[in-house]
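See structure below.
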Amino acid sequence: MQTETSKPWNWMLFPFSSVKAGPDCLFAASVGHGIYQIDAQSNWKKLDHGMEEQANVNRLQLQHELLHACTSSGLYEWNGDAWENDGLTIPCYQYRKIGGSSYAATEYGLWSKASSRWEQIACNEKRVYDFINLPQYLIIAHDSGVSLYDRFMDDWAHFELETSVTSLVVFKGHLIGTSEQGELLIGDKKGRFDRVRFGKPFIFSVLAKGNDIYVCTDRGLFQLAYICSQVTLLSVKLGCPVTDIDMQGGNLYLATLFQGIQTVSI
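Residue numbers (the working numbering): 142 to 407.
Okay, structure coming up:
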């Protein structure tokens with residue numbers, strides 16, 4: 142018999158903001174209701190020790206078997222028993238560990254930690270939502286557009302788009318982003334961006350999974366495709382707002398606003 146703390150009576154009504162798939166369980170963040178671990182038997186366990194109750198979870202990241210939560214109260218790491226602050230107590234929107242360095246997109250710029258200390262490294266006056274770290278380029282999505290640092294040239298290029306850019310991917314050599322107005326931003330490789338709407342869907346984010354790019358919208362999940370020299374959307378799962386996805390073992394796991402955590406075989 143499951144206890145109330147393992148699986149709340151209204152868990153399907155939770156608006157989920159993020160999902161991450163591990164080898165033998167899922168982790169799901171709900172807006173205002175905390176973070177849960179879901180095992181292979183569909184048992185739910187709330188992971189709430191050590192985190193402020195009022196913290197809003199913006200994104201989960203699972204890398205090197207370590208679960209991180211980007212929250213309104215800072216960056217947290219799950220140690221197996223409790224959440225521990227990872228050294229950042231400012232609002233955090235994205236986290237990645239690349240090689241021996243950690244990177245975090247925050248309310249006050251992009252931060253990096255190579256050993257044990259976090260340091261501001263870029264866009265200090267911007268609210269940074271996402272970033273892409275490539276061998277030659279560091280690309281940053283922030284509250285007024287996109288900034289690109291060329292490591293070989295040691296030079297910055299700033300693209301002011303008069304909108305917040307909330308997620309970024311690279312697709313067929315094009316830089317693709319999403320705006321706070323629900324648009325898709327498509328780079329033309331010449332420093333300009335086209336702002337595209339695909340009918341009625343409001344686009345939440347773009348995500349790279351494997352070799353594919355997925356688009357989370359208020360109408361469902363789509364896959365990005367390039368047909369006849371144009372970027373287009375192919376439907377994967379329609380009928381519910383999808384806020385985040387992850388992939389594991391031939392399955393896509395979808396965080397939705399009104400229909401819990403969904404699974405799609407691929």
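Beta carbons are placed, not taken as given, at the ideal position from N, Cα and C, and that holds for glycine.
CA-CA distance, residue 289 to residue 182, rounds to 45 Å. Nearest to residue 256 by alpha-carbon distance, out of 248, 270, 239 and 271, is 239.
By the criterion of a C-beta distance shorter than 6 Å, residue 237 is surrounded in its chain by 244, once the five residues flanking it on both sides are discounted. Under DSSP, residue 181 takes part in no beta bridge, so it has no partner. Inter-segment contact for the stretch 349-368 and the stretch 327-337 is absent: fewer than three beta-carbon pairs are separated by less than 8 Å. In the DSSP assignment, residue 195 falls outside any beta strand (DSSP E) and carries neither an H nor an E. DSSP, reduced to helix, strand and coil, places residue 335 within a strand of the structure shown.
Inter-residue distance for residue 307 and residue 335 is about 16 Å (C-alpha atoms, whole angstroms). Beta-carbon to beta-carbon, residue 375 and residue 366 are separated by about 5 Å, close enough to satisfy the 8 Å threshold.
Closest option to residue 348, judged by alpha-carbon separation, among 363, 342, 338 and 339: 363. Straight-line spacing of the CA atoms in residue 155 and residue 292 works out to 43 Å.
Distances from the CA of residue 261 to each of 267, 222, 270 and 250 were compared; the closest alpha carbon is that of 250. Between residue 267 and the set 254, 284 and 276, the nearest pair of CA atoms involves 284. Measuring C-alpha to C-alpha distances from residue 235 to each of 248, 223, 322 and 225 identifies 248 as the nearest. Proximity to residue 164 across 158, 180 and 216 peaks at 180, based on C-alpha coordinates. Counting the other Cβ atoms within 10 Å of the Cβ of residue 224 gives 16 or more, which makes it buried. Distance from residue 246 to residue 387 at the Cβ level is roughly 19 Å; contact not present, criterion being Cβ atoms closer than 8 Å. Per DSSP, residue 264 lies in no beta strand (DSSP E) segment and is marked neither H nor E. For residue 304, there is no enclosing beta strand (DSSP E), since its DSSP letter is neither H nor E. The DSSP-derived three-state label of residue 212 is strand. In chain order, 155 and 157 place their CB closer than 6 Å to the CB of residue 171, counting only its own chain and leaving out the 5 sequence neighbours on each side. Distance from the Cα of residue 278 is smallest, within the candidate group 294, 269 and 242, for 294.
Between residue 216 and residue 229 a beta carbon distance of about 4 Å is seen, short of the 8 Å cut, so the two are scored as contacting. Excluding five sequence positions before and after residue 166, the CB atoms of its chain that fall closer than 8 Å to its own CB belong to 178, 179, 180 and 181, given in chain order. A Cβ-Cβ contact shorter than 8 Å links residue 159 with residue 201. In the DSSP assignment, the residues bridged to residue 235 are 246.
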